[in-house]
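Engineer: Please find one structure pasted underneath; my questions will follow.
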Amino acid sequence: MNRPRALAPVAFGAVALALVGWFLRPLFHGPAMFLWTAPLVWVPPVVVLLLGALVAFRGRRRITVENIVSPRSSGPLIGFAVAALVLFFLLGIANGPLSARALYKDTRYEQISDLPSGANVRLLPKEVAEQISSSGFNSPTEFLSNFSIVRTSRGLRWTALRTPDGVIRTFTKKSQGIVTLDAGQTARTLRQVDAEFKVAPGLRLTDNLRWQLLKRHFFIELGEEVAIETRNGPRIVVPYTEYKGLLLRRPRLGGVFVVSPDGRIEDLEPQEARRRPEIVGSARLFPESLARRIQDAYSYKRGIWNRLFVHEEQTQITDTEANRQPYLIDFGERGARWVTVAEPFGRAFAANAVFLTDTLTGATQVYRVPRGKSLSGNRRALDTVRSVSIPGVVFADRTAQGAGGGRFRVVEPRPVFVRGRLVYLVSIIPESANSVSKTVIVDAEQNKVTEIFDNDSDPNAEAKTLEYLRTGPAPVEPTPADQNGSGNGSTPAAPGGAGGGGVSDRLEQLIRSQREILRETEALQRELERDAAP
Numbered sequence: 223m224n225r226p227r228a229l230a231p232v233a234f235g236a237v238a239l240a241l242v243g244w245f246l247r248p249l250f251h252g253p254a255m256f257l258w259t260a261p262l263v264w265v266p267p268v269v270v271l272l273l274g275a276l277v278a279f280r281g282r283r284r285i286t287v288e289n290i291v292s293p294r295s296s297g298p299l300i301g302f303a304v305a306a307l308v309l310f311f312l313l314g315i316a317n318g319p320l321s322a323r324a325l326y327k328d329t330r331y332e333q334i335s336d337l338p339s340g341a342n343v344r345l346l347p348k349e350v351a352e353q354i355s356s357s358g359f360n361s362p363t364e365f366l367s368n369f370s371i372v373r374t375s376r377g378l379r380w381t382a383l384r385t386p387d388g389v390i391r392t393f394t395k396k397s398q399g400i401v402t403l404d405a406g407q408t409a410r411t412l413r414q415v416d417a418e419f420k421v422a423p424g425l426r427l428t429d430n431l432r433w434q435l436l437k438r439h440f441f442i443e444l445g446e447e448v449a450i451e452t453r454n455g456p457r458i459v460v461p462y463t464e465y466k467g468l469l470l471r472r473p474r475l476g477g478v479f480v481v482s483p484d485g486r487i488e489d490l491e492p493q494e495a496r497r498r499p500e501i502v503g504s505a506r507l508f509p510e511s512l513a514r515r516i517q518d519a520y521s522y523k524r525g526i527w528n529r530l531f532v533h534e535e536q537t538q539i540t541d542t543e544a545n546r547q548p549y550l551i552d553f554g555e556r557g558a559r560w561v562t563v564a565e566p567f568g569r570a571f572a573a574n575a576v577f578l579t580d581t582l583t584g585a586t587q588v589y590r591v592p593r594g595k596s597l598s599g600n601r602r603a604l605d606t607v608r609s610v611s612i613p614g615v616v617f618a619d620r621t622a623q624g625a626g627g628g629r630f631r632v633v634e635p636r637p638v639f640v641r642g643r644l645v646y647l648v649s650i651i652p653e654s655a656n657s658v659s660k661t662v663i664v665d666a667e668q669n670k671v672t673e674i675f676d677n678d679s680d681p682n683a684e685a686k687t688l689e690y691l692r693t694g695p696a697p698v699e700p701t702p703a704d705q706n707g708s709g710n711g712s713t714p715a716a717p718g719g720a721g722g723g724g725v726s727d728r729l730e731q732l733i734r735s736q737r738e739i740l741r742e743t744e745a746l747q748r749e750l751e752r753d754a755a756p
């Protein structure tokens, strides 16, 4: 008669605990996502434990403490518990390769035979963008966060969010808007856009953007929080990843959140987002992190055994600094791509594959370097720049001694395709990262520096760099300044250093340029003939 009364407080407490847990569910997102994304790791061990309980307590009508500690029950329980623990660790090791292999099989990689041309890439590295923006941001109560590269109608831009500074302000104040910075200029062009965001990254408690998004959609992985400009004012877009599959779960684009300053949050499916011009134009629908996972999964092309032990035709993606690949490259009307250069597995520094992932659909193209063709990888490109003697530049990671010259670093070997050739756009920056001193072009096939643009002394260096990326190398007539070794602007690199290039080098570049033009002309002629055919 008293059992219902005794159970009432327990039931009430369970309901109250469930309600509190539901309200605070963003706090438990990490453990919940492990259970959601890696069922292969924990489901089989749980099954083993349940089987152990069935074996230990078979024939028992009731389970009591005495039954559990009795030798008849404790022996099987301990054995199955040890087996479940061992299985948990083994599956934890195997889950990564198995999931990556499943992602590879679930992805269609389109093989391409030629590299595309006509790309627009940022001239301002992320590290420098962060430094010069923060040093020019005149606010004692805010700091800049969430730097992201965004495509706009005026070219590539760096954007960042204005976040309240200090513990008290993060609880009591809102984000006051965004800033933008021209990524096609190495000089600071900072512009502030005022708009008070009620929810944003960096705020506390329920005003935090992550908190609000996870309460709307829990079993997802949030992508980068990116500030963009629209005709209706600034917005924050956050793409997210969902998972499909049973024991082996694979990531896919789930949708995108669009956050307005007034706190309104739109949850758009991929098809809906592709109909929104402001999202399409920003090139930030497909998450950068998901593009990298798809590109990494290509190393499992020949299976797990090959990936772990044999390594035939295996690619590996290496990074040269904190700003990891892929890089956002804009191909104009053909759309933007997340571009990554991969090397062969092992100690080789060559490039053996280039990945291009569409920023809207996630469709991935792969250019495999033909056998017999040699292209330098991204790490080798940095070494090539360091090997060149540049007046006034002493690299921070070199042991060279000498007076007159600062301490510099080489950063961000961005892959660019000039007339179908892979080149790297590399920035030389001071250790303080407060400017871009020089922009260097490294030809991947020749493995040498072909152009050096002096951003610290030539006001037209950016325009010359962009022109080079559009049209390729052009023959340069020697000038008296070049002959004296004191020229500014674009400086062709000779085999022995960064001075004026030799006649043979210019002739080789001119012949190569003419061949490219001839191939393009023949291709256009064939298209005209096909169009004219009945």
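For what it's worth, our numbering labels the leading residue of the sequence shown as 223, then goes sequentially.
Every residue, glycine too, gets a C-beta built ideally from N, C-alpha and C.
1. When the Cα atoms are used, what is the spatial distance from R472 to V460?
2. Taking C-beta to C-beta, are V480 and R457 nearer than 8 Å?
3. For the structure I just gave you, are there three or more beta carbon pairs, one from the stretch 401 to 417 and one from the stretch 356 to 370, closer than 8 Å?
4. Please state if the CB of F234 and the CB of P267 are separated by a distance shorter than 8 Å.
5. Under 8 Å by Cβ, that's how I've got A405 and R498 pegged, so tell me the actual separation to the nearest angstrom.
6. Comparing C-alpha positions only, which one of G399, L378, S339, R379 sits nearest to L365?
7. What's the gap between the Cα of L578 and the Cα of R391?
8. Which whole-angstrom value describes the C-beta separation of P386 and G424, a residue pair presumed to lie in contact below a C-beta threshold of 8 Å?
9. Please go through the same chain and pick out, in chain order, the residues whose beta-carbon is closer than 6 Å to the beta-carbon of L490, but skip the five residues on each side of it.
10. Counting Cβ pairs, one atom from each stretch, are 3 or more of them under 8 Å apart for the stretch 558 to 577 and the stretch 595 to 605?
11. Which class does A585 belong to by DSSP, given the choice of helix, strand or coil?
12. Can you tell which of P613, V616, K595 has the C-alpha that lies nearest to the C-alpha of A666?
13. Have a look at the DSSP bridge pairing and note the partners of W560.
14. Taking all protein chains shown into account, do 16 or more other C-beta atoms lie within 10 angstroms of the C-beta of R641, making it buried, or fewer, making it exposed?
15. Quick check: A519 and L325, are their CB atoms within less than 8 Å of each other?
16. If you check the beta carbons only, do T452 and E494 fall under 8 Å apart?
17. Here's a check: name, in chain order, each residue in its chain whose Cβ is nearer than 8 Å to the Cβ of V277, leaving out the five neighbours to either side.
18. Given that a residue counts as buried once 16 or more other Cβ atoms are within 10 Å of its Cβ, and exposed if not, what is F675?
19. Answer yes or no: do N528 and E447 have a C-beta to C-beta separation smaller than 8 Å?
20. Go ahead and label S654 buried or exposed: buried means 16 or more other beta carbons lie within 10 angstroms of its beta carbon, across all protein chains shown.
21. Where does N682 fall in DSSP's three states?
22. Going by the beta-carbon positions, is the gap between Y549 and R631 smaller than 8 Å?
23. Where does the unbroken beta strand (DSSP E) through D416 begin, and where does it stop?
24. State the Cα-Cα distance for the pair K437 and T586, rounded to the nearest angstrom.
25. Have a look at the DSSP bridge pairing and note the partners of L475.
26. Report the residue ranges of all beta strand (DSSP E) runs contained in full by the stretch 365 to 417; include only those spanning at least 3 residues, in chain order.
27. Would you mind giving the Cβ-Cβ distance between V648 and V610, rounded to the nearest angstrom? I have them listed as a contact below 8 Å.
28. List, from N- to C-terminal side, the alpha helix (DSSP H) runs of 4 residues or more that fit wholly inside the stretch 648 to 695.
29. Counting along the chain, where does the beta strand (DSSP E) carrying V448 start and finish?
30. Let me know if A306 comes out buried or exposed under the rule of 16 or more other beta-carbons within 10 Å of its beta-carbon.
31. Tell me whether S335 is buried or exposed, calling it buried when 16 or more other Cβ atoms sit within 10 Å of its Cβ.
32. To which residues does DSSP link D489 through a beta bridge?
33. Identify, in the order they occur along the chain, each residue of the same chain with its Cβ nearer than 8 Å to the Cβ of A230, setting aside the five sequence neighbours on each side.
34. Quick one: grab the DSSP three-state call for F250.
35. Going by C-alpha distance, which of E510, F440, I526, R556 is nearest I315?
36. Based on the DSSP output, what are the partners of I458 in its beta bridges?
Structural biologist: Taking the structure as given:
1. 20 Å
2. yes
3. yes
4. no
5. About 23 Å separates the two Cβ atoms, so there is no contact after all.
6. According to the sequence displayed, residue 365 carries Phe and not Leu. Comparing Cα positions, the closest option is G399.
7. 42 Å
8. 7 Å
9. G477, V478
10. yes
11. coil
12. K595
13. L550, T579
14. buried
15. yes
16. no
17. P298, F302
18. buried
19. no
20. exposed
21. coil
22. no
23. 413 to 419
24. 32 Å
25. T463
26. 377 to 386, 397 to 404
27. That pair is no contact at about 11 Å.
28. 683 to 693
29. 448 to 452
30. buried
31. exposed
32. F479
33. none
34. helix
35. I526
36. A449, V481
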